[in-house]
Amino acid sequence: MRVRRFRLGLTSWLLDWRSHGLTLLTVVLVYAGLHLWQTRHLPGGPAPAFSAPLVSRQTVNNIDLEQWRATHSGRAVALHFWAEWCPICRMEEDSISAVQRDWPVLGVAMQSGDAARLQTVLNQRGLAWQTAVDADGRVARRYGLASVPAFIVLDAQGHIRFAEVGYTTEIGMRLRLWWAQNF
203 MRVRRFRLGL
213 TSWLLDWRSH
223 GLTLLTVVLV
233 YAGLHLWQTR
243 HLPGGPAPAF
253 SAPLVSRQTV
263 NNIDLEQWRA
273 THSGRAVALH
283 FWAEWCPICR
293 MEEDSISAVQ
303 RDWPVLGVAM
313 QSGDAARLQT
323 VLNQRGLAWQ
333 TAVDADGRVA
343 RRYGLASVPA
353 FIVLDAQGHI
363 RFAEVGYTTE
373 IGMRLRLWWA
383 QNF
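Residue numbers (the numbering used here): 203 to 385.
As structure tokens, then:
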């Protein structure tokens, strides 16, 4: 009896595959449309250069994007735009920390205070991130970003290969970096 019910359910589902396919296509199109809308102002080609104060757990220095990339020559790198006050950014913290163990990721703290404030935040949260200070949001605007979090992948030549606005999974981050590195 159970086998017959299972077969009827499976048969019904298989007969209705067009409906399921249409639903899946709709979800994919909505996701793609949102992604295109969120990244519509992002520049193509080479990543815009910037220089900003850099905060790490122990020091405050200045960082230049080109110099930072040069220390990771031949590798894909990522910029992670985040904010101290952003709840979605908090959800991504563990993923960013894990990805940073294997890939170069430079955090860019948008509108989250000065270097001293950010150093306190990083220490309180136990984050060993290299973070550039974007106190007025100027760097984020150069990248066409109006919201955080955003994860931007640059290939070894410094060209923008991927950009995600909103929550990005750890596996999504890793796959984008791997793809930019290898293709």
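Here a beta-carbon is modelled for each residue, glycine too, at the ideal position from N, C-alpha and C.
For Val323, the enclosing alpha helix (DSSP H) stretches over residues 317-327. Counting along the chain, the unbroken alpha helix (DSSP H) around Arg271 starts and ends at 267-272. Beta-bridge partners of Ser253 (DSSP): Asp266. Excluding its 5 nearest sequence neighbours in each direction, Gly235 has no C-beta neighbour in its own chain below 8 Å. Note that the C-beta distance between Arg220 and Gln383 is not below 8 Å. Secondary-structure assignment with DSSP links Trp284 through a beta bridge to Ala311. Contact between His282 and Val307 holds: their C-beta atoms lie close to 5 Å from each other, under 8 Å. Ranked by Cα distance from Asp338, the options Val355, Val310, Trp381 are led by Val310. The alpha helix (DSSP H) runs of length 4 or more contained entirely in the stretch 322-373 are, from start to end of the chain, 340-344. In this chain, Pro248 is not harboured by any alpha helix (DSSP H), its DSSP state being neither H nor E. Looking at the DSSP output, Val279 bridges to Leu356. Going by C-alpha positions, Val335 is about 9 Å away from Ile265. Taking C-beta separations shorter than 6 Å and ignoring five residues to either side along the sequence, Arg319 has no partners in its chain.
Leu244 carries a coil assignment under DSSP once its states are collapsed to helix, strand and coil.
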